[in-house]
Amino acid sequence: SRGFAIEKGLGALDAGRGVFIGFATQPGNVALDGAVNHSPFADSLVKRIKTPSIDIEILMRRVRLDVMNATSGRQVPWSNSSLVEPGFSFNPDPT
(Lines of atoms letter the chains of each structure in order from A and count residues from 1; the text may use other names and numbers.)
(Lines give C-alpha, C1' and ligand atoms only; values in the text may rest on other atoms or scores of the structure.)
Protein backbone atom coordinates (compact mmCIF):
# COMPACT_ATOMS: atom_id res chain seq x y z
CA SER A 1 0.00 0.00 0.00
CA ARG A 2 1.23 3.46 -0.86
CA GLY A 3 0.73 6.32 1.48
CA PHE A 4 1.87 9.85 1.96
CA ALA A 5 3.17 11.72 4.94
CA ILE A 6 1.45 14.77 6.28
CA GLU A 7 3.75 17.10 8.13
CA LYS A 8 2.45 19.13 11.04
CA GLY A 9 3.14 22.80 11.35
CA LEU A 10 3.42 25.81 9.12
CA GLY A 11 4.65 25.19 5.60
CA ALA A 12 7.09 27.54 3.90
CA LEU A 13 5.66 30.30 1.71
CA ASP A 14 7.55 32.85 -0.34
CA ALA A 15 6.37 36.44 -0.73
CA GLY A 16 6.09 38.01 -4.14
CA ARG A 17 7.74 41.33 -4.94
CA GLY A 18 6.67 44.19 -2.67
CA VAL A 19 4.89 41.89 -0.20
CA PHE A 20 5.22 41.36 3.54
CA ILE A 21 3.79 38.18 5.08
CA GLY A 22 3.76 37.72 8.85
CA PHE A 23 3.25 34.29 10.40
CA ALA A 24 2.39 33.41 13.99
CA THR A 25 5.21 30.86 14.12
CA GLN A 26 8.23 29.55 12.26
CA PRO A 27 8.00 26.97 9.46
CA GLY A 28 7.49 23.45 10.79
CA ASN A 29 6.00 24.60 14.09
CA VAL A 30 2.44 25.14 15.29
CA ALA A 31 1.26 28.31 16.99
CA LEU A 32 0.35 28.00 20.65
CA ASP A 33 -3.03 28.90 22.11
CA GLY A 34 -3.21 31.72 24.58
CA ALA A 35 -4.29 31.53 28.20
CA VAL A 36 -7.11 34.05 27.70
CA ASN A 37 -8.90 35.14 24.52
CA HIS A 38 -6.06 35.30 22.00
CA SER A 39 -2.89 33.50 21.09
CA PRO A 40 0.41 35.04 22.22
CA PHE A 41 0.91 36.24 18.62
CA ALA A 42 -2.53 37.88 18.38
CA ASP A 43 -2.15 39.49 21.82
CA SER A 44 1.14 41.10 20.86
CA LEU A 45 0.02 42.09 17.37
CA VAL A 46 -3.13 43.81 18.70
CA LYS A 47 -1.02 45.72 21.23
CA ARG A 48 1.84 46.67 18.87
CA ILE A 49 -0.19 47.55 15.77
CA LYS A 50 -1.60 50.61 17.58
CA THR A 51 1.85 52.23 17.79
CA PRO A 52 1.76 55.33 15.55
CA SER A 53 4.02 55.22 12.49
CA ILE A 54 5.82 52.00 13.44
CA ASP A 55 7.35 50.39 10.36
CA ILE A 56 5.94 46.91 9.72
CA GLU A 57 9.39 45.28 9.89
CA ILE A 58 10.08 46.86 13.31
CA LEU A 59 6.58 45.95 14.47
CA MET A 60 7.17 42.30 13.54
CA ARG A 61 10.51 42.20 15.38
CA ARG A 62 8.80 43.51 18.54
CA VAL A 63 5.95 41.02 18.17
CA ARG A 64 8.51 38.24 17.67
CA LEU A 65 10.31 39.18 20.90
CA ASP A 66 7.02 39.43 22.84
CA VAL A 67 5.91 35.98 21.67
CA MET A 68 9.29 34.37 22.30
CA ASN A 69 9.24 35.76 25.85
CA ALA A 70 5.61 34.70 26.42
CA THR A 71 6.26 31.14 25.19
CA SER A 72 9.76 30.64 26.63
CA GLY A 73 11.10 30.43 23.08
CA ARG A 74 8.77 27.61 21.96
CA GLN A 75 7.11 29.86 19.36
CA VAL A 76 9.01 32.24 17.08
CA PRO A 77 6.88 34.40 14.78
CA TRP A 78 8.25 34.43 11.25
CA SER A 79 8.06 36.82 8.36
CA ASN A 80 8.79 36.75 4.67
CA SER A 81 9.33 40.11 3.04
CA SER A 82 10.34 41.54 -0.27
CA LEU A 83 9.58 45.14 0.70
CA VAL A 84 11.99 47.68 -0.72
CA GLU A 85 10.69 50.99 0.60
CA PRO A 86 10.66 51.53 4.37
CA GLY A 87 7.82 53.14 6.24
CA PHE A 88 4.69 51.02 5.77
CA SER A 89 2.60 51.40 8.91
CA PHE A 90 -0.90 50.25 9.86
CA ASN A 91 -1.33 53.39 12.00
CA PRO A 92 0.38 56.32 10.24
CA ASP A 93 0.97 59.48 12.25
CA PRO A 94 -1.55 62.09 11.02
CA THR A 95 0.94 64.97 11.30
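Under the numbering used here, the first residue of the sequence shown carries the number 24, and numbering increases by one thereafter. Virtual Cβ for every residue (Gly too), placed ideally from N, Cα, C.
| Asked | Found |
| --- | --- |
| At 4 residues or longer, what runs of the alpha helix (DSSP H) sit wholly inside the stretch 30-103? | 63-71 and 79-93 |
| Can you tell me the Cα-Cα spacing of V90 and L106, whole angstroms? | 23 Å |
| Measure the CB-CB distance between D78 and P109 and report whether it falls below 8 Å. | yes |
| Just mark P100 as buried or exposed, buried being the case when its beta carbon has 16 or more other beta carbons within 10 Å. | buried |
| Just to confirm my understanding: we take P75, look at its own chain, exclude 5 residues before and 5 after, and list those with CB closer than 7 Å. What are they? | N114 and D116 |
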